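This report refers to the structure that appears directly beneath it.
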Amino acid sequence: MDITLSIEDSLEALKTQMDGATAADITNRRADAAEGDAEAALWLAMFFEECASAPPSYELLDRRLAQVEQQVKTILERNPETELGDWPDRVTREAIDRFEMCSDIPGEPDLVLESFNYYGLAADLGHPTAQRAYHAHANYLLMNNGRFPSGVLGFQQPMLIEEFKQRAQRYADLLWNSGTPHALTLLARMYYQGDVYPRDLVMTYAYAQAAILEGSTGTLQAGGQWKELTRYLMTQDQVSEAEDLAHDLLRQHRERARQQ
Numbered sequence: 037m038d039i040t041l042s043i044e045d046s047l048e049a050l051k052t053q054m055d056g057a058t059a060a061d062i063t064n065r066r067a068d069a070a071e072g073d074a075e076a077a078l079w080l081a082m083f084f085e086e087c088a089s090a091p092p093s094y095e096l097l098d099r100r101l102a103q104v105e106q107q108v109k110t111i112l113e114r115n116p117e118t119e120l121g122d123w124p125d126r127v128t129r130e131a132i133d134r135f136e137m138c139s140d141i142p143g144e145p146d147l148v149l150e151s152f153n154y155y156g157l158a159a160d161l162g163h164p165t166a167q168r169a170y171h172a173h174a175n176y177l178l179m180n181n182g183r184f185p186s187g188v189l190g191f192q193q194p195m196l197i198e199e200f201k202q203r204a205q206r207y208a209d210l211l212w213n214s215g216t217p218h219a220l221t222l223l224a225r226m227y228y229q230g231d232v233y234p235r236d237l238v239m240t241y242a243y244a245q246a247a248i249l250e251g252s253t254g255t256l257q258a259g260g261q262w263k264e265l266t267r268y269l270m271t272q273d274q275v276s277e278a279e280d281l282a283h284d285l286l287r288q289h290r291e292r293a294r295q296q
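Under the working numbering, the first residue of the sequence shown is numbered 37, with each subsequent residue one higher.
Below is the structure:
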């Protein structure tokens with residue numbers, strides 16, 4: 037796995053393997069994951085996450101497509117000159133493709149819970165992309181309100197929230213100690229979100245600035261985004277403190293990298 041890729045690019049490369057997945061593919065990958073195949077576990081996590089938001093029946097698919105049609109109509113009624121481009125066709129195609137892709141899942145598993153658990157398994161098995169992606173994706177699976185027909189997993193099983201926090205911190209520590217540049221942007225996200233560590237804008241900015249100074253292709257853009265997100269919420273004294281801290285964090289990070 038190329039660690040210079042962004043998390044999104046790494047996951048997108050794996051998504052290409054999902055097209056045409058069959059019940060046998062899912063069963064085989066479950067068996068592979070149970071035997072310790074981290075790639076199979078991450079594939080299952082992503083597959084079930086995609087399918088969790090898919091319409092579970094033809095009736096709901098028709099309803100989803102009707103909603104898109106109504107959205108287009110409403111937008112054009114408000115402003116007839118709006119250029120929608122290929123958005124309506126793309127959203128319609130994605131809904132149909134996701135429905136078809138997910139229609140062959142054996143049994144009736146809780147797709148959100150399955151995805152949550154497989155992200156954790158893939159990360160536990162040492163998959164670097166799963167460790168980098170766990171915080172964003174597992175938190176989304178737990179707390180997203182409105183996208184999943186099954187409801188909000190974190191409200192249904194609140195004990196999973198503590199599991200999420202412990203795992204997210206453990207993976208962040210692993211990445212930091214390994215010296216991977218993605219640890220810097222991950223920690224920026226975690227300090228901004230405040231769902232694992234207490235929210236701290238100075239720490240967010242400092243880790244983001246350290247990622248920019250580190251300069252890796254996969255972290256440069258994300259570091260810039262977190263920096264821009266926080267700088268207008270901070271005083272000049274806080275920015276100065278964060279700028280100084282960033283150099284210290286980068287020095288510590290490079291020491292970890294040299295030890296590998």
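Built from N, CA and C at the ideal position, the CB exists for glycine as well. None of these values were measured; they are calculated from a predicted model.
- Counting along the chain, Asp-273 sits inside the alpha helix (DSSP H) bounded by residues 272–295.
- For Gln-205, the enclosing alpha helix (DSSP H) starts and ends at 195–214.
- Leu-269 sits away from Tyr-243, with the two beta carbons spaced by 8 Å or more.
- Taking each of Gln-257, Lys-201, Gln-261 in turn and checking the Cα distance to Gly-156, the smallest one comes out for Lys-201.
- Residue state for Glu-113 is assigned as helix, using DSSP reduced to three classes.
- Judged by pairs of C-beta atoms under 8 Å, the region 169–179 does not touch the region 113–120, as fewer than three such pairs exist.
- Note that the C-beta distance between Ala-131 and Leu-101 is below 8 Å.
- Of the residues Met-137, Val-104, Phe-135, Thr-110, the one whose Cα lies closest to the Cα of Asp-122 is Val-104.
- Ranked by how close their Cα comes to the Cα of Gln-261, the residues Pro-145, Ala-247, Asp-98 have Ala-247 in first place.
- Taking C-beta atoms as the reference points, Ala-74 and Ala-208 fail to come closer than 8 Å.
- The Cβ atoms of Ala-57 and Phe-83 sit closer than 8 Å to each other.
- Taking C-beta separations shorter than 8 Å and ignoring five residues to either side along the sequence, the partners of Val-275 in its chain run Tyr-241, Arg-267, following chain order.
- Within the model, the alpha-carbon separation for Glu-279 versus His-173 is close to 29 Å.
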